[in-house]
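Protein chains in written order, with our numbering: chain A, 1 to 805; chain B, 1001 to 1553.
Comments concern the structure below.
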Amino acid sequence: MSLADVLRTLDDAGLAALLRRRPDLVVPVPTDLAALAARAQTRHSTARALDTLDEFTLRVLDAVRLARDADGVARAAAIAEYTAPAAAPAAAALATLRAGYLVYGPPDTLRVAGGVDEVCGPYPAGLGRPAVQLSAAAATLAADPARLRRAVLAAPPPARAVLERLAAGPPVGTVSAAADNGRPERRSGGRRGRESGPDPDSPVVWLVDAHLLAPTGVPAGAGDPARYESVELPREVGLLLRRDTGALGPLRPTPPPVGPTREQGQADAAGAGQAMEAVRQADALLAALAAEQVVLLRTGGVGVQPLRRLARAAGVDEPTAALLLEVCAAAGLVAEVESQSVPGLLPTPRYDTWRVSPLAARWSALADAWWVMPRQPGLVGSRDDRDRPVNALAAEVERSGAPVVRRAVLAALAALGDGAAPGDEALVDHAAWRWPRRVLGREAAARQAAAEAARLGVTGRGALTSYGRLLLTPVEPADEDPLGVRGAAAALDPLAVALDPLLPAPVDHVLLQADLTVVVPGPPEPTLAAELELAADHESGGGADVYRVTEASVRRALDAGYTTDDLHGLFGRRSRTPVPQTLTYLVDDLGRRHGGLRAGSAAAYLRSDDEALLAEAAADRRLAPLALRRLAATVLVSPFPQARLVQALRDAGYAPVPEDAAGAAVLASPRTRRAPGGAAPRRPVNPAVPALTDVRLAGIVDQLRRGEARASTIRRAPAALRAAQGQVDSGPAAVQSHTEAIAVLQQAVRDRRPVWVGYVDPHGATLSRLLLPVSLAAGYLRAEDERTETLHTFALHRITAAVPA
Amino acid sequence: MSGGPLIVQSDKTLLLEVDHPDAAACRAAIAPFAELERSPEHVHTYRLTPLGLWNARAAGHDAEAVVDALLRWSRYPVPHGLLVDVAETMDRYGRLTLRNDPVHGLVLHGSDLAVLTEVSRAKKLAGMFGARLGDDTLAVHPSERGRLKQALLKLGWPAEDQAGYVDGEAHPIALDPDGWELRRYQAEAVEHFWLGGSGVVVLPCGAGKTLVGAAAMARAEATTLILVTNTVAGRQWKRELVARTTLTEDEIGEYSGERKEIRPVTIATYQVLTARRGGVFTHLDLFGARDWGLVVYDEVHLLPAPIFRFTADLQARRRLGLTATLVREDGREGDVFSLIGPKRYDAPWKDVEAQGWIAPADCTEVRVTLTDAERMAYATAEAEDRYRLAATARTKLPVVRALRDRHAADQVLVIGAYLEQLAQLGEFLDAPVVQGSTTNKERERLFDAFRRGELTTLVLSRVGNFSIDLPEAAVAIQVSGTFGSRQEEAQRLGRVLRPKADGRQAHFYSVVARDTLDVEYAAHRQRFLAEQGYAYTIVDGDDVLGPPLPTSE
């Protein structure tokens, strides 16, 4: 009876129940029930169904698989034998499995759906295959329980230790690992085992010889069956060893007990505080990024040093900085800038809208991004397989399973009820019981997820917050308002709506104090924050913001166009307390001094001690093109150069005197203009006769002698050589090719006879030498110079000709 | 949200809104573990520091109580991370205790094996430990008691010192309450100190720290070594002890540059103890000269570094530190904590004032406008001379005289830093000048005359910064100071904060030259006073000089 047959017997409600339980079966809708059954038994669908099961239910499924007879049919009695310690919960678990059609059929002839064996692996409940499937000898032993028991009891302690470990599961081990773990002192033996089969003294060999372990995995081509690499514990031996714990191992029909609970209110308050903190820290981090672009590594990601700097600037530790950076990136608040030569990280335009939205909305943007991001920020700072540090935003942080683990941890916490605060270890254990297939093997990631939830304020004091719980509820699928026409209020997601009442309301006033601090007793309104950001320096943040008014900050405000009245108005309007006199004085003092010095640019000035004369020049209409401006009673300035100023004044009948930079008068006499001309012709002089000193003469003679010697060598050289060198004076001769020259050389090396060699020296001069070749290799000729009897090396490509002497 | 008066900041500062109806209760709740950093008029700032939290732990408060106090009084949700951090920090204190083992002598006992193992392997502690006497106990060389505590504090595992104290040589001392009695906070301070064994009592200038010392001595009834900043302060201690206790002049010795007396109660100056000849401290024997039962450190915040080293060897004796502030300019607060002891008591200045013991001071900054000639001289002066030029401007002189004349009925102190200026002032005001070169005898004479009211005006140089008891002074006029030290300001204010017999108003004037560095430095000093809750009024020098005189109220 196949699953399809069973499905055919179902009524509509039954089918609907199955589809509700396993919704992935209807994407796309199967054509008929046979197709539905086939899809239900695919590896993918089975895995999804198994993922939702808890540890105990999976154990019961193992029991069903173990209880199957040769026909693949499991009888209720056989299953009960395995699940005896927890019969009642096992019945419920079996019902769950049947409801999902992971097992099907009448209670006394249960079958396991296809795909389960494939997904769950070959070792149900960590037990090995039956001995019959492994080896004949083991089967014989297993068939006789008494002998089997004696054999187990006879095992020496190291062998017994190996047995116990394999009995706890998984039931297979490699020989070297067994040697390493079982007999640490014989570690070298284990390594030898890999090359030449197991060490004859190892407990594994003893066990194999006793047929308590079955050798598997004999490497292909190894003729000797003794050279096995791995062993398997036969199911019968495993069951015998598990007599005390039960055939399925320790059974936990109910989740492990958890620790204290907290008042939900307490958790919410601490969580909301942490949520504010996380938003503040993220804001500080983004502000630091905006202030100074962070350079990305070539391999991607933010290096250790930049991350440290960023963390310091934002006032957080490095793991927090890494988490916030990842979350902000996932939320689209920072992005890589690729247009520049060095890839860098900068806030995106979305950051600007994010930072002015309400606190709760800012948090929910971060929390949503964290909830779905396929990344595991806890890996940052650890080292990868190649022992290189894992960097924030690098590809190594990508983990597609991260959201599943996160959901498993928070869902496990939610399932514990309001205010449950089990602590990280117990929580991970609980999650691992509830969804073993999602959490086991990823415990580190689960712990990190719990820590991240605490750091972001999703949990508070170890318990899930009431607003954090909303992360687990699915959101409405499609955004029906992509353009945001319904306004910001409608766009607030439920998370923000739930968090908002827990957060302090924005305040629009400040408290001013005589030590010039400005305290905003709560989160400031955006306009207030902007005003204070300009007029005061931020000192500390958190529940409130403390600013301090300093000379520098007041000057900054004045520079930005505020007047002292504006500042007095700002402080007076915003302050709930009387404005301290010291602040008034500070603003007034600086206001008085602000602009006390004025800077500007001009190209030339006009000064005179006679104020009337300057007034006249300033009023003179003829001088209007000079755009003279009166700076003081005795100074006018003009944007035009001095020469033009002087000329214009002279033209207008004034008598100006130009000044240089030091204030001295520059007196210019009229200049006569001339064309540039050549030099005057000069009387020719006799070229000097070089003075021939004795030394110089000696040098010249020596030069001549060397030239002569060279020429005589060339003359002695055969005509063919000279021809090859282009010295055709000696009459026509056949020009030798390079190959011919090499052949001559090779012959000469063999015969050890001298040859005439013509070659080009490094300066391009052609020379001829009578040489005794020694060797010819690697593009070089080694030869002895006949005259000097020294060994030389010649590059073959420089050799132009060779003629036997 | 509870709407409480407290706001918790991310940088672990706590803001307390003083006008909130619950402010007093909240202050009482957080005072044991948070240090008051600033107390301006509306919002006081407390800070959570590891030292403060450990102080609280030492006084028996646990982390849960701290967390509860924060949650209870906080206006806004407190971040989870901060609560965890507080709990973890507090948990570090008391994991290690120094104990006196009947068999092995001084031992370090650890309730957490991992911590004990960690410190036993720490490089900085090498050589301080003897044998490991069991899983949880390490022998400690008795001579290393102080240095071990110092080093453990640096490692972040402060040890609780339960090793006890020697009683010292008994000597009968009792208070002699003749027409006066110990004020409530003084009695509390002594009680807290005695229960804690050793430690520091923080009281503002003029709140009667000497009396706390005397009461502690009466409690110990043992020979006492008192360490003070200078000779004048030492004589003042002696006078006070003779007046307030059963001790007679003969029982009190002075150990200073002039005299070297060792009596049951000996008063020594830091200066003589730290004096070196040929690189060797020559007066260290004093610490072993008698079997002291109590060592009193006056002005702990000025305690010179070598004294810390000596104190490290005095760990078996009871130690009482007295100070107006734990803030040290050199940042060695941790050494005070580990070597003298945790803070045992403190009262904010304003609170003490509210109790009526300290005359409320009226602080005024008088700004004078320099003459054009002075402005030109200032404008063209070298950078290093500019402050001196501004601070010693002659323009200040008539203003000082006008101020003095305004308070003709009061005793007036004029305080400055530049001798030349002080000499001018002395001439201008016709008042004697006390400066470094004035002999101790002459100082005593002048101070006595001032106390008796024969002198109404006294010009003081930097010596005025140290504790001289001139309780009759009702007005202090500061004309120049050293580059804006906060400590100096506190000391100067202390001069006039002494209780006045008739509850008169005390006045503190600071005369500064407008638009110069003088104002900048004044602003820095003034910030300290503002943080202590004393708001300045700023008036113009011309208003002081010319009629009509503005009232200072």
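Every residue gets a Cβ at the ideal spot worked out from N, C-alpha and C, and that includes glycine.
These numbers come from a predicted model, not from an experiment.
| Asked | Found |
| --- | --- |
| Min CB distance Glu-1531(B) to chain A below 7 angstroms | yes |
| Nearest candidate by alpha-carbon position, reference Tyr-82(A), set Pro-106(A), Leu-127(A), Thr-46(A) and Arg-43(A) | Leu-127(A) |
| Any non-hydrogen atom of the ligand NAD closer than 6 angstroms to Tyr-1378(B) Cβ | Among the ligands in the structure shown, none appear at all, so the ligand NAD cannot be discussed. |
| Listed by chain order, chain B residues near Ala-272(A) by CB distance under 7 angstroms | Pro-1077 |
| Distance between Ala-151(A) and Ala-80(A) (C-alpha atoms, nearest Å) | 28 angstroms |
| 3 or more residues per run - each beta strand (DSSP E) lying fully within the stretch 1198-1233 of chain B | 1199-1202 and 1224-1228 |
| Beta carbon proximity, Asp-1011(B) to chain A, threshold 7 angstroms | yes |
| Start and end residues, beta strand (DSSP E) containing Ile-1030(B) | No beta strand (DSSP E) holds Ile-1030(B); the alpha helix (DSSP H) holding it covers 1023-1030. |
| Proximity winner among Leu-1106(B), Pro-1040(B) and Lys-1238(B), relative to Ser-1143(B) (alpha-carbon distances) | Leu-1106(B) |
| Enclosing beta strand (DSSP E) for Arg-1462(B) [first to last residue] | Unbroken run through Arg-1462(B): none, as it is neither H nor E. |
| Among Thr-1013(B), Cys-1026(B) and Asp-1011(B), the one whose alpha carbon lies nearest that of Ala-1004(B) | According to the sequence displayed, residue 1004(B) carries Gly and not Ala. Comparing Cα-Cα distances from Gly-1004(B) to each of Thr-1013(B), Cys-1026(B) and Asp-1011(B), the minimum goes to Cys-1026(B). |
| Whole-number beta carbon distance between Gly-1168(B) and Thr-1223(B), since they are thought to touch under 8 angstroms | 6 angstroms |
| The stretch 1358-1372 of chain B / the stretch 1228-1241 of chain B touching (three or more Cβ pairs under 8 angstroms) | no |
| contact_flag[the stretch 129-141 of chain A, the stretch 81-98 of chain A] where n(CB pairs < 8 angstroms) is 3 or more | no |
| Beta-carbon gap between Gly-271(A) and Thr-473(A) smaller than 7 angstroms | no |
| Cβ-based burial, Asn-1100(B) [other Cβ within 10 Å; buried from 16] | exposed |
| For Glu-263(A), the three-state DSSP class (helix, strand or coil) | coil |
| Local Cβ density within 10 Å of Glu-1249(B), reported as buried at 16 or more and exposed below that | exposed |
| Same chain only: Cβ atoms within 6 angstroms of Thr-1274(B), ignoring 5 sequence neighbours per side | Pro-1304 and Pro-1306 |
| Entirely enclosed alpha helix (DSSP H) segments - the stretch 594-658 of chain A, minimum 4 residues | 611-619 and 642-651 |
| Members of the stretch 507-518 of chain A that neighbour chain B once the beta carbon cut-off is set at 9 angstroms | Leu-511, Leu-512, Gln-513, Ala-514, Asp-515, Leu-516 and Thr-517 |
| Alpha-carbon spacing of Ala-34(A) relative to Ala-4(A), whole angstroms | 5 angstroms |
| Residues, ordered as in the chain, of the stretch 1270-1304 of chain B that lie near chain A by beta-carbon distance below 8 angstroms | none |
| CB contact flag (Asp-1136(B), His-1109(B), <7 angstroms) | yes |
| Exposure of Val-1280(B), with buried meaning 16 or more beta-carbon neighbours within 10 Å | exposed |
| Glu-1041(B) at chain A interface by Cβ criterion, 7 angstroms | yes |
| Per DSSP, the bridge partner or partners of Trp-756(A) | Leu-770(A) and Val-803(A) |
| Of the residues Gly-300(A), Thr-109(A), Gly-72(A) and Thr-57(A), the one placed nearest Ala-91(A), counting alpha carbons only | Thr-57(A) |
| Buried or exposed by the 16-neighbour rule on C-beta atoms within 10 Å, applied to Ser-1039(B) | buried |
| Residue-chain proximity (Ser-1552(B), chain A), Cβ-Cβ < 7 angstroms | Any reading at Ser-1552(B) must be qualified, since the residue scores a pLDDT of 47, below 50, and its modelled position is unreliable; the value itself is stated next. Chain A contact via Cβ: absent. |
| Beta carbon proximity, Gln-448(A) to chain B, threshold 7 angstroms | no |
| Per-residue burial, Leu-693(A) [other beta carbons within 10 Å of its own, 16 or more giving buried] | A small correction: the amino acid at residue 693(A) is Thr; Leu does not occupy that position in the sequence shown. It counts as exposed. |
| Beta-carbon neighbours of Tyr-1536(B), restricted to chain A and to distances below 9 angstroms | Ala-514, Pro-580, Gln-581 and Thr-582 |
| Beta-carbon contacts of Ala-1023(B) that lie in its chain and below 8 angstroms, excluding the five residues immediately before and after | Pro-1005, Leu-1016 and Glu-1017 |
| Ala-311(A) and Ala-321(A) closer than 7 angstroms at C-beta | yes |
| Contacts that Ala-420(A) makes with chain B (C-beta to C-beta distance below 7 angstroms) | The premise fails here: Ala-420(A) is roughly 16 angstroms from chain B at the closest Cβ pair, so nothing lies under 7 angstroms. |
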